[in-house]
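Okay, so here's the structure we're looking at.
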Amino acid sequence: MTPQHSQLSFDRDSKDLLSSKGILVGAAALMAYGITRRSKTSLALATAGGLMALNASRSHNPSHAHTRATFLVNASPEQAYQLWRDFSNLARFMRHVKSVEVLDETHSEWVVLGPMDREIRWYAEIIEDVKNERISWRSRPDSLVQTSGSVEFRPHRAGRGTYVSATVRYTPGGKLSKTIATMLGKHPQFMVREDLRRFKALLEAGETPTTLGQSHGPRGVHGSVEQVLFRETGNLAAPQAAQAYSKTA
Amino acid sequence: MKAVCWMGKENMQVHNVPDPTILNPRDAIVRITSTCICGSDLHLYDGYVPTMEQGDIMGHEFMGEVVEVGPGVSRDKLKVGDRVVVPFTIACGNCPSCQDKLWSCCDNSNPNAWIAEKMMGYSPSGLFGYTHMLGGYAGGQAQYARVPFADIGPIKIPDGIPDEKVVFLSDIFPTGYMGAENCNIRPGDTVAVWGCGPVGQFAIRSCFMLGAGRVIAIDRVPERLEMARAAGAETLNFDEVDVLEALREMTGNQGPDACMDVVGMEASGHGIVFAMDKAKQMMRASMDRPIVVRQAIIACKKGGTVSVPGVYASFIDNVPMGAYVNKGLTMKTGQTHMMRYMQPLLERIQNGDIDPSFVISHVLPIDQAPEAYKTFRDKRDRCTKVVLKPWESAMAA
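Written out as structure tokens, the structure is:
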């Protein structure tokens, strides 16, 4: 089992599209569109475009990211730990992760969808595993992507569930670190928080909420663009049935 | 299937769209037999609520027959063939909010929670046929609908009760009831209710059910005031009288024990402040015209309660905070926690305490929905409530 190098090359255009220059162009287009459309969303769109432009002009691509998010979930630390510890579950709530194949007790192979739906692969190993309390993992030193993560489970003092805190780090050095940084966007915190939100839903409700693939009327040009924002369409895997672990299910 | 689609401001269209399918394990598909246009749909029709998108299927008040259930729905909860009313709020049943019976604040039912969090801090539940900020779920003004978490929301209706008596369990009857419950009514209390639309009518009747001695109903549409009087309310027409002065007189300079805003963001009124609100809203500098909630705060008795079942979308200004604080008022709000009320209110209907069908003015085939929106919005043709029949073709209604 060796990493597939062939699918990792990027052409210059797709890189530039995702650079801050590209974002500036996109933001300007959004502003223009928002201003000309004269509808109820026009103001919001134009404002969003303006903010994006401001952001893009101010910041540069992060070469590394270190983010953390915490959610209180209505489940015991044991239940939360169990769902997370089986890494094959990760793809069910981590948005960019297409699959995680468990190779043995501590090793796994990750496939992540990067920009333009390109597959990026790496191998990870679990470096710390304290039952019902903490799991830490990192990519193997010879991986093309240098990443590590950990998750902690702490019971609420009054028994109202478990605080689940996830930390994810992407560090420079790997050949693909810039691609990863692009994928994480300007706000990597957002991705971690959304993943954790989906973990909570999976744990409590047994599924993550979705409108992906639902019926709708003709969307038009503007609507088709916003479908992505509103997650009615996208590259996510179809939701899967899961056992709800919560106290009442 | 046929579905009523939002295609832009004041532009509803009936389109043929694909039938819904099961997307999640706890989904069900309902074949809709009756569906209604709600006053809150008019806020979308008028284009005042952000994150609507062209092609969105409208509707959050519907009932019908279950035709398919997902593998995650246990058969003792719901099965094919069950006749159900579907609540407009979507709730998972297992999150901390649902466990506290704050069903309309479910943590897990809004796939676009992050958008709502930007505006509200934390996201309320997903809703059918409303904005994408609140989930963007396809609604029920259609022939079929997909119902997420179908083992929690829908309530089974025995055969023998016509749709018209129970369909309002989907929203407006529980919403009016919760608005009244939020008034903290003690026996004999006086409650002032702004807005005599369909929710207001149920709110007025619920106040009496909960022991109110007097209900003073405020509106300007003659047939709606008439309907309020039929329920036993005293009425004020705000085009004809100064509401604050009239309430002062009627309550002996005390003020109503509770004041209920069943109007929300598109209130009408008089004077310079109303003109400013209207201008701000037209310029999209504000989404809301909060005339009623201001008036309710000023009108309310010291130590009283202001209950707000009316819909607001964003920020409001010129709120008389000084009056609110110095009079020691309480404000109670919220989208309706549907699952608290559906069963008890179904029992009230079965007991004959109330027949909710009194509020219906129009029963129309779904093809006539676009005109029905306009009629309802303009309050023409004595329109108080429209029920749509998705399977009847256009004919003399």
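Chains as they are written, first to last, in our numbering: chain A, 1 to 249; chain B, 1001 to 1397.
Cβ coordinates follow ideal geometry from the N, Cα and C atoms, glycine included.
Beta-carbon contacts of residue i that lie in its chain and below 6 Å, excluding the five residues immediately before and after
i, result
"residue 136 (chain A)", "127, 128 and 150"
"residue 1389 (chain B)", "1365"
"residue 1061 (chain B)", "1036, 1038, 1170 and 1171"
"residue 211 (chain A)", "232"
"residue 111 (chain A)", "98, 99, 119 and 121"
"residue 198 (chain A)", "93 and 208"
"residue 1131 (chain B)", "1049, 1051 and 1052"
"residue 1323 (chain B)", "1297 and 1298"
"residue 1300 (chain B)", "1255, 1259, 1306 and 1329"
"residue 1233 (chain B)", "1204, 1215 and 1217"
Given residue i as reference, the closest of the options once Cα atoms are compared
i, options, result
"residue 1024 (chain B)", "A:73, A:202, A:111 and A:118", "A:202"
"residue 1077 (chain B)", "B:1144, B:1153, B:1102 and B:1135", "B:1153"
"residue 1316 (chain B)", "B:1291, B:1163 and B:1043", "B:1291"
"residue 1417 (chain B)", "B:1262, B:1256 and B:1289", "Examination of residue 1417 (chain B) is not possible in this model, given that chain B is present from 1001 through 1397 alone."
"residue 1054 (chain B)", "A:219, A:225 and A:226", "A:219"
"residue 80 (chain A)", "A:227, A:154, A:170 and A:193", "A:154"
"residue 222 (chain A)", "B:1008, B:1088 and B:1367", "B:1008"
"residue 1213 (chain B)", "B:1338, B:1222, B:1192 and B:1324", "B:1192"
"residue 1351 (chain B)", "B:1161, B:1254 and B:1239", "B:1161"
"residue 1087 (chain B)", "B:1336, B:1387 and B:1371", "B:1336"
"residue 1297 (chain B)", "B:1283, B:1281 and B:1256", "B:1256"
"residue 89 (chain A)", "A:74, A:109 and A:76", "A:109"
"residue 134 (chain A)", "A:147, A:162 and A:217", "A:162"
"residue 1208 (chain B)", "B:1105, B:1221 and B:1185", "B:1185"
"residue 146 (chain A)", "A:123, A:157, A:107 and A:86", "A:123"
Residues near residue i in its chain [Cβ-Cβ closer than 8 Å; skip 5 each side]
i, result
"residue 1225 (chain B)", "1196, 1217, 1219, 1235 and 1237"
"residue 1018 (chain B)", "1001"
"residue 1043 (chain B)", "1049, 1264, 1265, 1266, 1311 and 1313"
"residue 1381 (chain B)", "1361, 1362 and 1375"
Presumed contact (8 Å Cβ cut-off) between residue i and residue j, rounded CB distance
i, j, result
"residue 1189 (chain B)", "residue 1258 (chain B)", "6 Å"
"residue 1332 (chain B)", "residue 1302 (chain B)", "That pair is no contact at about 17 Å."
"residue 1354 (chain B)", "residue 1205 (chain B)", "6 Å"
"residue 1179 (chain B)", "residue 1203 (chain B)", "5 Å"
"residue 1211 (chain B)", "residue 1174 (chain B)", "The Cβ separation is near 18 Å, so there is no contact."
"residue 169 (chain A)", "residue 69 (chain A)", "Rounded, the Cβ-Cβ distance is 13 Å, inconsistent with contact."
"residue 215 (chain A)", "residue 1057 (chain B)", "7 Å"
"residue 1200 (chain B)", "residue 1262 (chain B)", "4 Å"
"residue 1064 (chain B)", "residue 1032 (chain B)", "4 Å"
"residue 1147 (chain B)", "residue 1243 (chain B)", "Not a contact, Cβ separation roughly 41 Å."
"residue 1282 (chain B)", "residue 1194 (chain B)", "About 22 Å; that fails the 8 Å criterion."
"residue 1103 (chain B)", "residue 1339 (chain B)", "5 Å"
Neighbourhood of residue i by C-beta distance below 7 Å, restricted to the same chain and skipping five residues each side
i, result
"residue 1080 (chain B)", "1066, 1067, 1068 and 1069"
"residue 78 (chain A)", "132"
"residue 1230 (chain B)", "none"
"residue 1385 (chain B)", "1036, 1198, 1359, 1360 and 1361"
"residue 1116 (chain B)", "1110, 1123, 1124, 1133 and 1134"
"residue 38 (chain A)", "With a pLDDT of 49 at residue 38 (chain A), under the threshold of 50, the modelled position of this residue cannot be trusted; read the value that follows with caution. Cβ neighbours of residue 38 (chain A) beyond the five flanking positions: none."
"residue 1149 (chain B)", "1026, 1090, 1091, 1092, 1093 and 1109"
"residue 1345 (chain B)", "1169, 1173, 1174 and 1177"
"residue 4 (chain A)", "Note on residue 4 (chain A): pLDDT 37, under 50, position unreliable in the model; the coordinate value appears next. Same-chain partners within the cutoff: 121."
"residue 1151 (chain B)", "1026, 1073, 1074, 1077 and 1078"
"residue 1373 (chain B)", "1012, 1037 and 1045"
"residue 1015 (chain B)", "1003 and 1005"
Below-8 Å beta-carbon distance, residue i vs any chain E residue
i, result
"residue 226 (chain A)", "The structure shown contains no chain E; its protein chains are A and B."
Exercise for the section: Anything in the stretch 195-219 of chain A with a Cβ closer than 8 Å to a Cβ of chain B? List those residues in chain order, please. Expected result: 197, 200, 201, 204, 205, 206, 207, 208, 209, 210, 211, 212, 213, 214, 215, 216, 217, 218 and 219
Problem - chain B contacts made by the stretch 100-112 of chain A, where a contact means CB separation under 8 Å - result: none
Exercise for the section: Output, in sequence order along the chain, the residues in the stretch 1007-1031 of chain B whose CB is closer than 8 Å to any CB in chain A. Expected result: 1007, 1008, 1009, 1013, 1015, 1017, 1018, 1019, 1020, 1021, 1023, 1024, 1025 and 1026
Exercise for the section: Can you give me, in chain order, the residues of the stretch 1311-1333 of chain B that have a beta carbon less than 9 Å from any beta carbon in chain A? Expected result: none
Handout entry: Segments of 4+ residues assigned as alpha helix (DSSP H) that fall wholly inside the stretch 1155-1230 of chain B
Key = 1163-1166, 1172-1181, 1198-1209 and 1222-1230
Practice task
Please name the residues in the stretch 65-87 of chain A whose beta-carbon is closer than 8 Å to at least one beta-carbon of chain B, in chain order.
Solution key: 72 and 74
Exercise for the section: Note down, one range per segment and in chain order, each beta strand (DSSP E) of at least 3 residues found wholly within the stretch 1225-1284 of chain B. Expected result: 1234-1237 and 1258-1261
Problem - Members of the stretch 140-161 of chain A that neighbour chain B once the beta carbon cut-off is set at 9 Å - result: 160 and 161
Practice task
Enumerate, from N- to C-terminal direction, the unbroken alpha helix (DSSP H) stretches of 4 or more residues contained entirely within the stretch 1321-1355 of chain B.
Solution key: 1321-1326 and 1338-1351
Practice task
Compile a chain-ordered list of the residues in the stretch 1098-1109 of chain B whose CB is closer than 8 Å to at least one CB of chain A.
Solution key: 1099, 1107, 1108 and 1109
Handout entry: Sequence ranges, beta strand (DSSP E) only - wholly within the stretch 103-173 of chain A, length at least 3
Key = 107-113, 119-130, 134-139, 147-155 and 162-170
Exercise for the section: For the stretch 1365-1378 of chain B, enumerate the residues whose C-beta is nearer than 9 Å to any C-beta of chain A, in chain order. Expected result: none
Exercise for the section: Report the residues of the stretch 1146-1158 of chain B with a CB closer than 8 Å to any CB of chain A, ordered along the chain. Expected result: 1146, 1148 and 1149
Exercise for the section: With 8 Å as the limit, tell me which residues of the stretch 1040-1061 of chain B have their beta carbon closer than that to any beta carbon of chain A; keep them in chain order. Expected result: 1047, 1048, 1049, 1050, 1051, 1052, 1053, 1054, 1055, 1056 and 1057
Exercise for the section: Scan the stretch 1122-1136 of chain B for residues whose Cβ lies nearer than 8 Å to a Cβ of chain A and list them as they occur along the chain. Expected result: 1126, 1132, 1135 and 1136
Handout entry: Length at least 3, wholly inside the stretch 1352-1378 of chain B: the beta strand (DSSP E) runs in chain order
Key = 1362-1365
Practice task
Could you name the residues of the stretch 113-139 of chain A whose beta carbon sits closer than 9 Å to any beta carbon of chain B, in the order they occur along the chain?
Solution key: none
Exercise for the section: Could you please tell me which residues of the stretch 1074-1095 of chain B, in chain order, have their CB closer than 9 Å to any CB of chain A? Expected result: 1090, 1092, 1093, 1094 and 1095
Practice task
Below 8 Å between beta carbons is the criterion; list the residues of the stretch 1193-1209 of chain B that meet it against any residue of chain A, in chain order.
Solution key: none
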